[in-house]
Structure formats: structure tokens, C-alpha cells
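Quick note on numbering: the sequence shown equals residues 9 to 101 in this note's numbering.
The beta-carbon is built from N, C-alpha and C at its ideal position, and this holds for glycine as well.
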Amino acid sequence: MFIKSIDVKRLNRLINELRKRGLWAERHSYSIRIIYNNTIVASLHLYPGFNEAVLRLYGDSVDNYVYSTVSRVLREVLGDFKLIVNRVVREEL
């Protein structure tokens, strides 16, 4: 049994494409934090064995932009991945 993985060059391309479109992205393994205006607005988790990516949006006004940008870049770089979106509502403190 072989474990499916994603080539590091493709992962780095994903990060670079997000950055070109105004979203700062930091990667650790298959987890990516997405930052906009010095605030973490989303996280993207890749599951290569299942060809799935989970985008967690943290309830900011830029959610639509982040969603459309991530889905476009993901399709360009990892075309066969299914994108699952979860919205996380931040409670007021």
C-alpha cells in the first residue's frame, strides 16, 4: 500500500499563487494559514489520500473573496481536489 502525497513544488506553487492574489499564506505540511490585513481569515487543510481540501472560513467580511480565490487557485494547482467549505462563527468577547 502506497501513501499518496503532493509534490512540494506544487504545494509551494499553491502558496505563491495565493500570495500573488493578495492573501498571505503560510504552510506547515498540508495545513495552510491564510492571512489578510494581518488577521488570520481562513485555514486550508489538504488530505491527499482522499483528494479533498477543507477550507475553514472564520466569519470575516472577506469570506467571499477568500473562498473564490482559494477555489480558483486550488483548481489551477491541484485540479482533482474536492473543496469542502466550513464557516466558523467567531463569538463576540
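Exercise. Short check: CB of N94 to CB of V62, under 8 Å?
Worked result: Contact flag set, yes.
For this session: Quick one: grab the DSSP three-state call for V78.
Result: If DSSP states are grouped into helix, strand and coil, V78 belongs with the helices.
Exercise. Does the beta-carbon distance from Y66 to I92 come in below 8 Å?
Worked result: Taking 8 Å as the cut-off, the Cβ atoms of Y66 and I92 do not count as close.
Exercise. Taking just the CA atoms, how far does G57 sit from S79?
Worked result: Whole-angstrom Cα-Cα distance: 19 Å.
Exercise. Which ranges does the alpha helix (DSSP H) cover as unbroken runs of at least 4 residues, wholly within the region 24-88, from first to last along the chain?
Worked result: List check, alpha helix (DSSP H) in window: 71-85.
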